[in-house]
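Okay, structure first, notes after.
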Amino acid sequence: MQGNFLRPPQAEFPVIRLVAEDGTRVARAETEPDRATLLELFRWMVFGRVFDQRMINLQRQGRIGTIGTIRGQEASAAGLALAMRRSDWLVGSYRELLAYIAHGVPIEAVISLYRGGVPGPFPEDVAAMPIQIVIGTQMPHAAGIALGAKLRGADDVVVGCCGDGATSEGDFHEGLNFAGVHKVPAVFFVQNNGWAISVPRARQTASETIAQKAWAYGMPGALVDGNDAVAVYAVVKEAIERARAGEGPSLIEALTYRVGPHTTSDDPRRYRTDDEVELHEKDDPIARLRRFLETEGIYEEGLQELLEEEARSVMSQAIERAEAVPDVTPEDVFDLTWAAPTEAVRRDRERTLRELREVGEVGKE
Amino acid sequence: MQGNFLRPPQAEFPVIRLVAEDGTRVARAETEPDRATLLELFRWMVFGRVFDQRMINLQRQGRIGTIGTIRGQEASAAGLALAMRRSDWLVGSYRELLAYIAHGVPIEAVISLYRGGVPGPFPEDVAAMPIQIVIGTQMPHAAGIALGAKLRGADDVVVGCCGDGATSEGDFHEGLNFAGVHKVPAVFFVQNNGWAISVPRARQTASETIAQKAWAYGMPGALVDGNDAVAVYAVVKEAIERARAGEGPSLIEALTYRVGPHTTSDDPRRYRTDDEVELHEKDDPIARLRRFLETEGIYEEGLQELLEEEARSVMSQAIERAEAVPDVTPEDVFDLTWAAPTEAVRRDRERTLRELREVGEVGKE
Amino acid sequence: MKANIVEAIQDAMRIALARDKDVVVLGEDVGKNGGVFRATDGLQAEFGESRVFDTPLAESSIAGVGVGLAAYGLRPICEVQFGGFLYISLNQIASQAARLRLRTSGRLQAGMVIRAPYGGNVRTPDLHSDSLEALFAHTPGVKVAMPSTPYNAKGMLLAAIDDPDPVVFLEPMRIYRGLRAEIPDGHYTVPLGEARIAREGQDVTVVAYGAETQTALEAAELLASDGIFCEVVDLQTISPLDAQTILASVAKTGRAVVVHEAVRQAGMGAEIAALIQEQAFYSLAAPVQRVTGWNTPFPFVQAEHLYVPGAAHIAQAVRRALRD
Amino acid sequence: MKANIVEAIQDAMRIALARDKDVVVLGEDVGKNGGVFRATDGLQAEFGESRVFDTPLAESSIAGVGVGLAAYGLRPICEVQFGGFLYISLNQIASQAARLRLRTSGRLQAGMVIRAPYGGNVRTPDLHSDSLEALFAHTPGVKVAMPSTPYNAKGMLLAAIDDPDPVVFLEPMRIYRGLRAEIPDGHYTVPLGEARIAREGQDVTVVAYGAETQTALEAAELLASDGIFCEVVDLQTISPLDAQTILASVAKTGRAVVVHEAVRQAGMGAEIAALIQEQAFYSLAAPVQRVTGWNTPFPFVQAEHLYVPGAAHIAQAVRRALRD
Ligand SMILES: Cc1ncc(C[n+]2csc(CCOP(=O)(O)OP(=O)(O)O)c2C)c(N)n1
Ligand SMILES: Cc1ncc(C[n+]2csc(CCOP(=O)(O)OP(=O)(O)O)c2C)c(N)n1
Ligand SMILES: [Mg+2]
Ligand SMILES: [Mg+2]
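Residue numbers (the working numbering), protein chains in the order written: chain A, -16 to 348; chain B, -16 to 348; chain C, 32 to 355; chain D, 32 to 355.
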């Protein structure tokens, strides 16, 4: 007599960790960062912390609009960015600002965006899609870019990033499924920070891990401690090398935590306890990496303070540059809408601008 | 030294089978059909074969529009329908016509639809959504209906059906993910018939099975031999009972094969070999069940012929009834668009009808 | 009671939840968080998690699950967090909700509400400010309501919840809190399908809806001091469109200006101008003017105040209508 | 060469694939099967599976992967199997393809074509017959082309493939095969953004596009025998809309009828009527008439011949325009 035909979910994904919370090493990996890269990781993470605080301040001063916070997620962002080549494509969202900057996007472009202006074109040698706001939509783009690289025979790899909440969107599914079928050189990287605004991870999907969703697309998955920069780097590096070698896409879930509010408009006390936050705050990725650097004898006294100082000054200069950028004009908007405007577009543009000018005059009456 | 962080897909789903191709029993199950139900299964499958052929003929005679074929998939459709209560909701598509009819939808309603008319309301005691044409869109509906049943405290279960191709749609993902999170009483049933028009299953998803996609939604999965009506019934029954007991949704993949063309407009020789079809044609679900009934001593000489005769006569009557239904009028279309028409709708309806009448007169000039 | 628009909307949902146990509220962050604009604040605490609940982050299924709930006989109020994300819900609304009744010969229907804040000048990020009402107005089988005051926000939402047809309910984010007024306690409805005269006048008819109604009233006030008297028609329901009220006003004034912040081309302004010239051609003294967003995507924040029609833009068009 | 529309389209893709190795064709069943209408017949055999390939059954990603391919510098031609399924692709087209250039200050752009057959009277199933051009015309940043003859089908598709902006290319399913004509061999383009005069006349301007252009020409023929001479403007590109050609014709005739099979409300007919009354008010002798689908969803097959405007409907509207 048979029965119990239904097989309950069985995928078990142990959390990959190379450096423990207290900074001690727990494992080694072939793909882990070398000394120079470890210092770079630390530098970018410290920069991320300063960047985050400065952006929040700018928002409070009314100098930029609503901004997402990245505190606590610096290891994921830096680890992922440094594992990439500059010619690899970064396809992410507002939660990957630090990764964008570490990948080569000018800080002032990011600030400009949050000032409500045009970001300005990214530099020619930075391969990245715009910072996505519409959740999940970037995942098919990542698949498409990766397919492009494959078709062209280029050895570019694409890293498509999103949050835990984004995994619920149809576009997440369609993007990863496409990537699996076409075996494209892509790495899908989910920053699982526990929350999608106020919705906890457990209410987002009944799947025990996000990593195991990989199997639904016929690709390998990995669950990494997202606060362990060394592990994030190593796992992403492995996935990128695999993709570059033509072995296809993979999905990485980085387990981290959003210590701050979702954005400057959010009040997290409405939906989570301070205790929960405090618990996670203790596992600070910057402190962890610093302790690791110390244990490894790489850390030099005063380094963090130096880097903070440097970051503050870099930020000040970037803010100055961003604030010097003139405001977007209606002309900009029209001219960036069409690459090949038709006669009708030109006339419509003129009519609109004429009416705006006239209103300007009315305003002066 | 660690490495190989990426875990390749490992879910293994053995094909559940109770009756072998040659009709011999290979296993027993608690939830398997009793004698009466076995005969009902057989009756409906035979009906399905006759129905399919008659619909194809009607299409050839220009009496109905394009129609999908169901030959070879009778066991899946009948097994699933008979495992349901009439008060359980069937939410499926054009490939589940036999299931709809076995669930209680009048044959003439189905024929009317393919005659290009209104199907007419399904009987009050038949719980079913309309036969879906827009691939995948019905899966969130199934989740929603099941949530409704749960919220109302009713013991209705919802069976949401789709094809292997449909699993690629964003709506498949969103529907199942929602169902998993809200632990609704739903069974998702995928008829994997090997093809989505010309796209083979292997190009639809890199996932080894569709059953394993269940795990991505935190629900159990099962892979059943879709040509084994006894097994389909048993597995669906188990899943429905589980859902009814409040244990949540599950996903069943029924492995079958579309022996005929996708629809009467399709030419499968463009994309698959006759050899492949012949191979699958040998595994005829009706023949298999008949041999099983024979082995079990349930089959009485001449039964199939009798049932075929009966089916032909039932079909003839249904066709007659369907063809007696007057054509859809513009009034019908307006009146079925709005449940609560506003004054503007009434005026617009009158204008449209007046213009149509005038054109009628113009035509008569 | 005194209420702003978001409070009026919340009050409507609270009343509906209390009077009909089939009403449920779902969407992203509508539970504990009470919605990113607090429209559902306190509702989960009051009515429980089975009546007011968060969904996964997936707008197609928010609408699609709504269709299923409605088919089962419940009255879902689905929230889509920002109007621009309705692009993702559109297929479930247009190809499914709008046609369920037709497909089932009236046996089932998608009596549901899809609420979303819309509109610009709120300094929101990309795609948060779009006005997509025209897409739904081009989708028969769904009604489209766009309130402009606390009074009609509450009354129309209560009407929409009762309505057996699916209703897309677009809320004017810009004036969610700015406008506070006395509204009746308890249940009342403002019928769907009826425009209202927001201000009487005899010189020019200004047709507006949603947040732009307030802007049109400002413009009317400006112009009044110059001796130009506008009649402001507040559509309230965008679809089905109450042509009669518009035409009655134009019959009086002979001139019309249509206002919206959505893209101009193929927007509601086109429909209304087409309608007026069709039905009131011989009483029109001048072409119907459109004051709208540009034929570009909604721009970056720095340019939004130029994109969204202000009172000066409307006044300009009224003067143009009078000059002709 | 002699070709019908579907052959002309296939020829355009073959030429584009041959002249530019960055051109790729993707969609459901476009490979071995050659598309359900055979538009891509033989292309995979000729150019290989890396140039012409099937996608999973998922219309959002067909467009979304197209955006990625285009961002990488390829020139994707994406096929959506039937126009009604564009609802599913809309978010990727409107919120992504249309805005990539704006979001990247021109660094990246979504130079891609999304092809889909559209329209009724072909006895297709539910949602296979919808005409959704107005949704895209309300989406600045995408162009919308709708050919009406083998000549412009080939020429516009080649122009669309070259165009750096995303182009939604809607093909008239009803006349895919019915219309056969001599077209040039090899590469040529019909520029996007330009309407054409399909028939000259001085009494009434009939504005049409896609399959309805042919119906309008039939109506013009009917009417000519009664001494009524229509000028038929075939829009070719729906967006951006070539206002000048329409206005020049109306300046001559003083009367206009706009034709489409899409839903009337907020359809292209509204935009064109609004435009004509705006720009040519004083030369208009009668209101612009609209001949369109009804304000209902596309109906069941049995009623479609009444829903899709026929020559008699158009003739009726022309007479109405002349009566006024
Ligand atoms: C399509 C879409 N729906 C809703 C939103 C509003 N929204 C912005 S962020 C967010 C939560 C995202 O959660 P997650 O994917 O986990 O990313 P996180 O913010 O936690 O990094 C929501 C709902 C959006 N931007 N886009
Ligand atoms: C959204 C949508 N896209 C495309 C189609 C056209 N179409 C009809 S059936 C079909 C294949 C479906 O394959 P599958 O899901 O495997 O079901 P099967 O027909 O094999 O039962 C396609 C592409 C459609 N009806 N709806
Ligand atoms: Mg998150
Ligand atoms: Mg199939």
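Each residue gets a CB set at the ideal place from its N, CA and C atoms; glycine is no exception. Source: prediction; values computed, not measured.
query, result
"What separation, rounded to the nearest whole angstrom, lies between the Cα atoms of Ala165(C) and Thr244(C)?", "17 Å"
"Between Ala270(B), Val29(B) and Arg69(B), which has its C-alpha nearest Ala3(B)'s C-alpha?", "Ala270(B)"
"Counting only beta-carbon separations shorter than 8 Å, does Gly(-14)(B) have a partner in chain A?", "yes"
"Any heavy atom of ligand 1 closer than 7 Å to the CB of Asn176(A)?", "yes"
"What are the residues in the stretch 331 to 355 of chain C lying within 7 Å of chain A by C-beta distance?", "Phe331, Val332, Gln333, Ala334, Leu337, Ala343, His344, Ala346 and Gln347"
"Whose C-alpha, out of Leu41(B), Leu65(B) and Arg255(B), is nearest the C-alpha of Glu23(B)?", "Leu65(B)"
"Which residue comes first and which comes last in the alpha helix (DSSP H) that contains Pro181(C)?", "Pro181 to Asp193"
"Tell me, please, whether the CB atom of Asp154(B) is closer than 8 Å to any CB atom in chain A?", "yes"
"Would you mind sorting Leu73(A) into buried or exposed? The rule is 16 or more other CB atoms within 10 Å of its CB.", "buried"
"State yes or no: is the C-beta of Leu88(D) nearer than 7 Å to some heavy atom of ligand 2?", "yes"
"What do you get for Met32(C), buried or exposed, if any count of 16 or more other CB atoms within 10 angstroms of its CB means buried?", "exposed"
"Does Pro87(D) have its Cβ less than 8 Å from a Cβ in chain C?", "no"
"With distances taken from CA atoms, which of Ala297(D), Arg230(D) and Val199(D) is nearest Asn326(D)?", "Ala297(D)"
"For Lys174(D), which beta-bridge partners are listed by DSSP?", "Val198(D)"
"Thinking C-beta only, is Ser120(D) closer than 8 Å to Asp154(A)?", "no"
"Going along the chain, which residues of the stretch 102 to 128 of chain B sit with their C-beta nearer than 7 Å to a C-beta in chain E?", "Structure shown: chain E not included; protein chains present are A, B, C and D."
"Should Lys185(D) go down as buried or exposed, given a rule of 16 or more other Cβ atoms within 10 Å for buried?", "buried"
"Go ahead and label Gln56(B) buried or exposed: buried means 16 or more other beta carbons lie within 10 angstroms of its beta carbon, across all protein chains shown.", "buried"
"Per DSSP, what are the beta-bridge partners of Gln320(C) in this structure?", "Val288(C)"
"What would DSSP say about Ser296(A), mapped onto helix, strand or coil?", "helix"
"If you count every other CB in all the chains shown that lies within 10 Å of the CB of Phe172(A), and 16 or more means buried, which is it?", "buried"
"Val207(B) and Val33(B): beta carbons closer than 8 Å?", "no"
"Rounded to whole angstroms, what is the Cα-Cα separation between Leu133(D) and Ala305(A)?", "18 Å"
"Got a sec: which bits of the stretch 214 to 227 of chain B sit with their beta carbon under 9 Å from any beta carbon on chain A, in order along the chain?", "Ala214, Ala217, Val218, Glu221, Ala222 and Arg225"
"Could you tell me the boundaries of the beta strand (DSSP E) in which Thr236(C) lies?", "Val235 to Ala239"
"Is Asn64(C) helix, strand or coil by DSSP?", "coil"
"Among all the DSSP beta bridges, which residues are the ones paired with Leu253(D)?", "Bridge partners of Leu253(D): none, in fact."
"Any heavy atom of ligand 5 closer than 7 Å to the CB of Ala82(A)?", "By its list of ligands, the structure shown excludes ligand 5, since it contains just ligand 1, ligand 2, ligand 3 and ligand 4."
"My understanding is that Arg255(B) touches Val140(B), with C-beta atoms under 8 Å, so please give their C-beta distance in whole angstroms.", "In fact, because the Cβ distance is near 36 Å, the residues do not count as touching under 8 Å."
"Which of helix, strand or coil does DSSP assign to Gln174(B)?", "strand"
"Verify the contact flag: Ala179(B), CB atom, against every heavy atom of ligand 4, threshold strictly below 7 Å.", "yes"
"Taking Cβ positions, are Gly119(A) and Ala149(A) nearer each other than 8 Å?", "yes"
"Based on the DSSP secondary-structure assignment, which residues constitute the bridge partners of Pro148(D)?", "Glu202(D)"
"Tell me which same chain residues have a C-beta within less than 6 Å of the C-beta of Asp196(C), skipping the five on either side of it?", "Lys174"
"Counting only C-beta atoms, is Leu41(B) closer than 8 Å to chain D at any point?", "no"
"Along the chain, where does the alpha helix (DSSP H) containing Lys33(C) start, and where does it finish?", "First-last for Lys33(C): Lys33 to Asn35, but that is the beta strand (DSSP E), not the alpha helix (DSSP H)."
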